[in-house]
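Worksheet: the structure to be examined is printed underneath.
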Amino acid sequence: MKEQRFIVGGVWKSGKVTLPVNSPYTGEPVAFVHQAGDEDIAGAIIAAREAFAVTSGSASHERAAILRTVADTIRQRKEEFASTICAESGKPITAARAEVDRAVSTFTVASEEASRMNGEVVPLDITPAGRGRKGIVERFPLGIILCITPFNFPLNLVAHKLAPAIAAGNTFILKPAPQTPLTALLLGEVLLSSGLTPGAVSVLPCSNAAAQSMVEHPGIAMVSFTGSARVGWALKGLAGKKKVALELGGNAAAVIMPDADLPAAAARCAAGAFGYAGQVCIKVQRILVHRSVAARFESLLTDAAAALPVG
Numbered sequence: 001m002k003e004q005r006f007i008v009g010g011v012w013k014s015g016k017v018t019l020p021v022n023s024p025y026t027g028e029p030v031a032f033v034h035q036a037g038d039e040d041i042a043g044a045i046i047a048a049r050e051a052f053a054v055t056s057g058s059a060s061h062e063r064a065a066i067l068r069t070v071a072d073t074i075r076q077r078k079e080e081f082a083s084t085i086c087a088e089s090g091k092p093i094t095a096a097r098a099e100v101d102r103a104v105s106t107f108t109v110a111s112e113e114a115s116r117m118n119g120e121v122v123p124l125d126i127t128p129a130g131r132g133r134k135g136i137v138e139r140f141p142l143g144i145i146l147c148i149t150p151f152n153f154p155l156n157l158v159a160h161k162l163a164p165a166i167a168a169g170n171t172f173i174l175k176p177a178p179q180t181p182l183t184a185l186l187l188g189e190v191l192l193s194s195g196l197t198p199g200a201v202s203v204l205p206c207s208n209a210a211a212q213s214m215v216e217h218p219g220i221a222m223v224s225f226t227g228s229a230r231v232g233w234a235l236k237g238l239a240g241k242k243k244v245a246l247e248l249g250g251n252a253a254a255v256i257m258p259d260a261d262l263p264a265a266a267a268r269c270a271a272g273a274f275g276y277a278g279q280v281c282i283k284v285q286r287i288l289v290h291r292s293v294a295a296r297f298e299s300l301l302t303d304a305a306a307a308l309p310v311g
């Protein structure tokens, strides 16, 4: 059985404890993942702080090239990523491949944004004393970004956090979901081969208590979390004056007008609501239907939901 180590400041390390990653299909372990401890967390923060001296001074074209390399490598290793997602999350292979494609797009867009970290020149002549004066606004990287990610999109939601952080010249520590750490660690491997400063990369499977200690640590500049509202707001309360970005799921609505293609709309709504067992941040949760077609749409939606395949 495979044992997977974790990454501390660009270095693969073993922990004192391993936990299984179980296949949702069989319930059997697909790998055992080493868990990071307090010493590993401390080492990751030190490495990220030292690496920030390099990344914060890097040129935008250098960061863009790194992100393009990551996108290209993910594309080349698409089947490896897709099979890993499938094995640990239970996502159908077609959906896993689609997620890989989205991650490629995420890193590609970030590579373009790396060259658009623009500032502003602001006229200050709103009062007589400001005549002839201008203010200059410049963007700077923040520092170490703590990224805490969920299980449902173990590659692309990780990419959503890491790619912008890298584009802006930050370093990061990633705490992946305990159900799906293998994909995150595979991405960490790709990042280490991309030309990114090694100390900027830490991927730490760890306990919730260990993650909490990082949220509270004064060396962390920003916490970026995707997950439940309960956990997200609790983490915000622990973060003090740090910047916090929370993605806690939406309340997505679909609106069905009387001239809509009702069979197509019903099929899309059923897939949008129940695909991946509804474990999607933007799944359809409310459907607003014009009363003139409500009865027919309800019947079509019921049939479409009943026809969805399992697995």
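Its first residue numbered 1, the sequence shown is counted upward by one per residue in my numbering.
Even for Gly, the Cβ is constructed at its ideal location relative to N, Cα and C.
Item, Value
"Start and end residues, alpha helix (DSSP H) containing S56", "Here S56 belongs to no alpha helix (DSSP H), and DSSP marks it neither H nor E."
"Among I145, L185, T26, the one whose alpha carbon lies nearest that of N170", "I145"
"Sequence-distant residues of the same chain with beta carbon closer than 6 Å to Q285, five excluded per side", "N251, A252"
"Residue of A211, T197, I66 minimising C-alpha distance to T108", "I66"
"Boundaries of the alpha helix (DSSP H) in which T94 is found, first to last residue", "93-113"
"Backbone secondary structure at V137 - three-state DSSP", "strand"
"beta-carbon A304 near the ligand NAP non-hydrogen atom, thresh 7 Å", "Ligands in the displayed structure: none, and consequently the ligand NAP is not present."
"Neighbourhood of G57 by C-beta distance below 6 Å, restricted to the same chain and skipping five residues each side", "none"
"Per DSSP, cross-strand counterpart(s) of I220", "In DSSP, I220 forms no bridge with anything."
"N- and C-terminal bounds of the beta strand (DSSP E) containing E120", "120-123"
"Distance CB(I7)-CB(G188) smaller than 8 Å", "yes"
"Separation of G240 from A42, as counted between CA atoms", "19 Å"
"Contact set for A96: own chain, Cβ-Cβ below 6 Å, skip 5 residues either direction", "A82, I85, C86"
"V22 - containing beta strand (DSSP E), residue span", "According to the sequence displayed, residue 22 carries Asn and not Val. 17-22 is the extent of the beta strand (DSSP E) around N22."
"Residues bridged to K2 [DSSP beta-bridge criterion]", "DSSP, once it has assigned bridges, lists no residue as partnering K2."
"Check whether L248 and A229 have beta carbons under 8 Å apart", "yes"
"Anticipated Cβ contact below 8 Å, E88 with T183, distance rounded", "7 Å"
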